[in-house]
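Residue numbers 1 to 154, in the UniProt record's numbering, belong to the letters of the sequence shown in order.
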Amino acid sequence: MTVEAAFAVGTLVVVLGIVLAAMGAVVLQLRCLDAATEAARLAARGDAEGARRAAEQLLPGGSEVGVDVRGDDVVVRVRAVPLGSALPGLRIGAEASAAREPSPVAPGEGPDPLPGGTPEADVAQDPASASGQSPPASGGSPPPVTAAEIGRAR
Numbered sequence: 001m002t003v004e005a006a007f008a009v010g011t012l013v014v015v016l017g018i019v020l021a022a023m024g025a026v027v028l029q030l031r032c033l034d035a036a037t038e039a040a041r042l043a044a045r046g047d048a049e050g051a052r053r054a055a056e057q058l059l060p061g062g063s064e065v066g067v068d069v070r071g072d073d074v075v076v077r078v079r080a081v082p083l084g085s086a087l088p089g090l091r092i093g094a095e096a097s098a099a100r101e102p103s104p105v106a107p108g109e110g111p112d113p114l115p116g117g118t119p120e121a122d123v124a125q126d127p128a129s130a131s132g133q134s135p136p137a138s139g140g141s142p143p144p145v146t147a148a149e150i151g152r153a154r
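Right under this line is the structure:
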């Protein structure tokens, strides 16, 4: 009876260890995916070194982070060893990609927002808008009603 109980307890301990190792691997997989996604976002904005640092902060020590730019896309690969170095042959990894964002245009270098120039110039050229009146409605729809007009109607 004692021998059977010892085998049963030993088996339960081994099964519990395997279950905990599997749960740790799943949690590490989620951490790898989060780190790869965050790094891809940062690298898409043009900060590849910041992306690498952010991924390394989210992962345990000894993890590998690779940032690769392919045309208009950024691909980040992350690999980590579960349970520290207890399982050296097993690696868990994730990959995330993001489209690179266009570089910002400095003021005055890009095209005008409206064909006539700035919005202020358009308002000054339209006498109906400058006086606060609504432009005449086309298509038979009534002009918008302001809060001041509602107050005067009461």
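Each residue gets a CB set at the ideal place from its N, CA and C atoms; glycine is no exception.
- Scanning its chain for C-beta atoms nearer than 6 Å, with the 5 sequence neighbours on each side dropped, one finds around Ser63 the residues Ala80, in chain order.
- Sorting Asp47, Leu58, Ala8, Val15 by C-alpha distance to the C-alpha of Arg31 places Leu58 at the top.
- Spatial neighbours of Leu42 in its own chain (CB-CB distance under 7 Å, excluding positions within 5 residues in sequence) are listed in chain order as Gly50, Ala51, Ala54.
- Residue Glu95 holds the alpha-carbon nearest to the alpha-carbon of Asp34 among Arg100, Glu95, Ala99, Glu101.
- A direct Cα-Cα distance of roughly 50 Å separates Thr11 from Arg70.
- Shown here for Arg77: same chain residues with a beta carbon closer than 6 Å to its own, the five before and five after excluded, namely Gly66, Glu95 in chain order.
- When C-alpha distances from Asp68 are compared across Pro82, Arg100, Leu90, Ala6, the shortest belongs to Arg100.
- Leaving aside the five residues that flank Ala40 on each side, the residues in its chain whose CB is nearer than 8 Å to its CB run, in chain order, Ala51, Val74, Val75, Val76, Ala96, Ser97, Ala98.
- Annotation for Pro60: Ala80 place their beta carbon closer than 7 Å to its own, counting only its chain and skipping 5 residues before and after.
- With at least 16 other beta carbons inside 10 angstroms of its own, Ile92 counts as buried.
- By the CB criterion at 8 Å, Ala22 and Leu83 fall outside the cutoff.
- In the three-state scheme derived from DSSP, where H, G and I count as helix and E and B as strand, Val78 is classed as strand.
- By the neighbour-count criterion, in which 16 or more other beta carbons inside 10 Å mark a residue as buried, Ala8 falls on the exposed side.
- With fewer than 16 other Cβ atoms inside 10 Å of its own Cβ, Leu90 counts as exposed.
- Within the model, the alpha-carbon separation for Ala44 versus Glu56 is close to 17 Å.
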